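Numbering (the numbering used here), first residue to last: 2 to 89.
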């Protein structure tokens with residue numbers, strides 16, 4: 002029996018959305034590739050507010066950002082983020 006390291010198996014990137022600081026969130030989509038999930042998160046951010054988004058500190062250069070999952074938040078509590086999940 003071969004043992005796999007955690008995180009080394011097949012995975013999916015899930016795009017999540019939360020409105021106005023609530024505790025509930027919605028899964029908007031699942032993507033095989035991080036760049037596709039991040040692209041959709043960026044598109045949604047531009048739709049919501051072209052000027053009022055804040056991004057995590059590790060994502061200053063969004064034009065070349067495809068190495069880690071994206072997250073953005075607005076001042077009024079809307080959030081959108083990408084999570085990586087292992088497929089079992």
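The beta-carbon is built from N, C-alpha and C at its ideal position, and this holds for glycine as well. These numbers were taken from a predicted model, which means no experiment stands behind them.
Inter-residue spacing [alpha-carbon to alpha-carbon] between residue 23 and residue 78 = Here residue 23 is taken as the residue at index 22 of the chain shown, counted from 1. Here residue 78 is taken as the residue at index 77 of the chain shown, counted from 1. About 8 Å.
Quick one: what does DSSP say residue 17 is sitting in, helix, strand or coil?
-> Locating residue 17 in the chain shown gives position 16, counting from the first residue. The answer is strand: DSSP assigns residue 17 an E or B state.
Excluding the 5 residues preceding and the 5 following residue 62 in the sequence, name in chain order all residues of the same chain whose CB lies nearer than 7 Å to its CB.
-> Within the chain shown, numbered from 1, the residue matching residue 62 stands at position 61. Residue placement at residue 62 cannot be trusted, given a pLDDT of 48 that sits under 50; what the coordinates show is reported in the next sentence. Excluding sequence neighbours, residue 62 sits near nothing in its chain.
Look at the alpha carbon of residue 46 and the alpha carbon of residue 86, and state the distance between them as a whole number of angstroms.
-> Residue numbering aside, residue 46 sits at position 45 when the chain shown is read from its first letter. Residue numbering aside, residue 86 sits at position 85 when the chain shown is read from its first letter. Whole-angstrom Cα-Cα distance: 22 Å.
Quick one: give me the first and last residue of the beta strand (DSSP E) that residue 67 is part of.
-> Here residue 67 refers to the residue found at position 66 of the chain shown. Element bounds for residue 67: n/a, residue is neither H nor E.
Is residue 29 helix, strand or coil by DSSP?
-> As a working note, residue 29 is residue 28 in the chain shown. Of the three classes helix, strand and coil, the one that applies to residue 29 here is strand, per DSSP.
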